[in-house]
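Asks:
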Amino acid sequence: MIIESPELDILNKIRIYSKITFADFMETALYHPKGYYNSSNNISSQGDYFTSSVLHPSFAYLLTIQFRQMWKILGSPDEFWVIEMGSGTGHLGHEISKFANIICNDFAMSFRYLSLDRYVSDSKFTEDYESIEHILTNSIPLKNIVGCFISNELVDSFPVHRFKILDKKIYEIYVSIDNRGEIKEVIDEASSDAIIKQIEPYVNYLPDGFEGEVNLKIEDWIRTISKSLLKGFVLTIDYGDIRSELYSQFRSRGTLQTYYQHINSNNLFTKIGKQDITAHVDFTSIIESGNLYGLKTLSYMLQSTYLNNLGIKKILYDLSKSDLSQYEYYKNRIAIMELVKPQGLGGFKVVLQEMNTNIVDSKDLFNFDYNEINFKSPILNSNYLDLADSRYSHQLDIKNFESYFI
């Protein structure tokens, strides 16, 4: 059977229904069999984007320390599952599994890792994916999990609805075609009462013509996690903000962005299926949905703060005292600084939620003794991107590390 391109599929749907929601458009552009996330090698220094997990092993290493602390808080259960949702290449899970066997033997005996994703990315990290337990799925087919559900830059790819405020009334922005068959935007009544309900409290404070997004997928995602988790934690890492910041006059054109070979724009209707489309995550939805389904939010913080709490400064200090050459130390420092840079990955948000753990303060998650683990600062290797040698090498002030933390 011949599979049509995402663009043709979208055009055919519009011809049938006259218009589709932007969420439908985004779903097809990204997740169609020939859509963006089924294309090859989009995570690299020469691809469209890179994530924290492929910049430096300290990211996976510190997460492993976090999981070990969670395991202790839960009473060191015989099985502690780490479920990564939207694992893509599987690189993060591969590295976490490796570090679990290094930092603590007792934890390693209990540690289990499972990757959940609806596709497998064809990239240099594909071998990592094959080395870990994984399920290809568009859901969370699990129950009675004791451990932690983690996602890293997953929720920003959930399809979103777009809206526009005109004369204090909420309209939805749909996708249609003009007489020449070219894609255009049209304004009409909202397709769901849930869209109106989310935006209504902010209407009187927003300027006329304000455009934004509503992510209706988050609540169902959190609900599914809560049904699968018996006892443990949910760790969500992504870029975005609380709702009052997203729906403010300073973001009057919304937060949608496209990415193609590290170049971002807001041209949504070109390179359909070939460019990434993302929207800032509404962390208020994650927190409120958690409250609704029994997941209590312990903390909401910057990635830079989170990694600092786990010991990224200790890693950098140890590397400065190591026998690395000046150039190797420079490469490691650049990569680590990318993880905490406020205007970059360090500005990402981290939400920690718990269910049935009896923990009352997130400080308990960071109250650990490095002497209890085999702490050895990891260094860059061939499994990671080399920013210093790539065409996107950064002119960073590598002496200004302290200013990257709040």
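So this note's numbering is basically just the index in the sequence shown, starting at one, shifted up by 1284. Glycine residues also receive a C-beta, built at the ideal position from the N, C-alpha and C atoms.
(1) Which residue marks the beginning of the beta strand (DSSP E) containing GLU1417, and which one marks its end?
(2) What's the gap between the Cα of GLY1538 and the Cα of ILE1596?
(3) I'd like the span of the alpha helix (DSSP H) that includes LYS1356, first residue to last.
(4) For LYS1598, which of helix, strand or coil comes out of DSSP?
(5) Looking only at its own chain, which residues have a Cβ that is under 6 Å from the Cβ of SER1661, when we skip the five neighbours before and after it?
(6) Are LEU1582 and ASP1645 closer than 9 Å when you measure CB to CB?
(7) Let me check you understand the geometry: is the CB of GLY1516 closer than 8 Å to at least one non-hydrogen atom of the ligand ATP?
(8) Following the continuous beta strand (DSSP E) through THR1581, name the residue where it begins and the one where it ends.
(9) Between VAL1487 and LEU1576, what straight-line distance do the alpha-carbon atoms span, to the nearest angstrom?
(10) For ILE1294, which of helix, strand or coil comes out of DSSP?
(11) Please go through the same chain and pick out, in chain order, the residues whose beta-carbon is closer than 8 Å to the beta-carbon of GLU1363, but skip the five residues on each side of it.
(12) Looking at C-alpha atoms only, which residue of ALA1619, MET1369, LEU1376 and LYS1427 is the closest neighbour of THR1348?
(13) Output the boundary residues of the beta strand (DSSP E) element that contains HIS1316.
(14) For the beta strand (DSSP E) containing LEU1513, name the first residue and the last one.
(15) Identify, in the order they occur along the chain, each residue of the same chain with its Cβ nearer than 8 Å to the Cβ of THR1641, setting aside the five sequence neighbours on each side.
(16) Tell me, please, which residues DSSP counts as bridged to PHE1433.
(17) For the segment 1482 to 1562, which segments carrying the beta strand (DSSP E) assignment without a break, of at least 3 residues, lie completely within its bounds, in sequence order?
(18) CB-CB under 6 Å to ASN1385, same chain, minus the five flanking residues each way: which ones, in chain order?
(19) For PHE1534, does the count of other Cβ atoms within 10 angstroms reach 16, so buried, or fall short, so exposed?
(20) Would you report the Cα separation of VAL1459 and GLY1465, rounded to the nearest angstrom?
(21) DSSP three-state call for ARG1446: helix, strand or coil?
(22) To the nearest angstrom, how far is the alpha carbon of THR1520 from that of PHE1442?
(23) Suppose the cutoff is 6 Å on Cβ atoms and the five residues either side in sequence are ignored; what does the same chain contact list for LYS1297 look like?
(24) If the criterion is Cβ atoms closer than 9 Å, does the pair ILE1387 and ASN1658 meet it?
(25) For chain B, is any of its Cβ atoms less than 9 Å away from the one on PHE1383?
(26) Buried or exposed, going by whether 16 or more other CB atoms sit within 10 Å of the CB of ASP1560?
(27) Just to confirm my understanding: we take THR1421, look at its own chain, exclude 5 residues before and 5 after, and list those with CB closer than 8 Å. What are they?
(28) Identify whether SER1329 lies in helix, strand or coil by the three-state DSSP scheme.
(29) Consult DSSP for SER1336 and reduce its assignment to one of helix, strand or coil.
(30) DSSP on PHE1395, reduced to helix/strand/coil?
(31) Of the residues PHE1343, ASN1592, HIS1445 and LYS1318, which one's Cα is nearest the Cα of ASP1308?
Replies: Per the coordinate set shown:
(1) Neither: GLU1417 is in no beta strand (DSSP E) and is coded neither H nor E.
(2) 33 Å
(3) 1341 to 1357
(4) helix
(5) ILE1599, ASP1602 and LEU1603
(6) yes
(7) Of ligands this structure carries none, so the ligand ATP is not represented either.
(8) Counting along the chain, the beta strand (DSSP E) containing THR1581 begins and ends at 1580 to 1586.
(9) 24 Å
(10) Helix.
(11) Taking C-beta separations shorter than 8 Å and ignoring five residues to either side along the sequence, the partners of GLU1363 in its chain run SER1394, ARG1396, VAL1430 and GLY1431, following chain order.
(12) LEU1376
(13) That residue, HIS1316, is in no beta strand (DSSP E); it is neither H nor E in DSSP.
(14) 1513 to 1522
(15) ILE1357, LEU1358, LYS1515, GLY1516 and PHE1517
(16) ILE1367 and VAL1518
(17) 1495 to 1498, 1513 to 1522, 1541 to 1544, 1547 to 1549 and 1560 to 1562
(18) Within the same chain, ASN1385 has close Cβ partners ALA1392.
(19) Exposed, because fewer than 16 other Cβ atoms sit within 10 Å of the Cβ of PHE1534.
(20) 12 Å
(21) strand
(22) 14 Å
(23) Within the same chain, ILE1304 come within 6 Å of LYS1297 by CB-CB distance, once the 5 residues on both sides are set aside.
(24) yes
(25) Protein chain content of the structure displayed is limited to a single chain, and chain B is not contained in it.
(26) Buried, since its Cβ has 16 or more Cβ neighbours within 10 Å.
(27) LEU1400, ASP1401 and ARG1402
(28) Its pLDDT being 45, under 50, SER1329 is placed unreliably in this model, and the coordinates cannot settle the point.
(29) Helix, per DSSP.
(30) strand
(31) HIS1445
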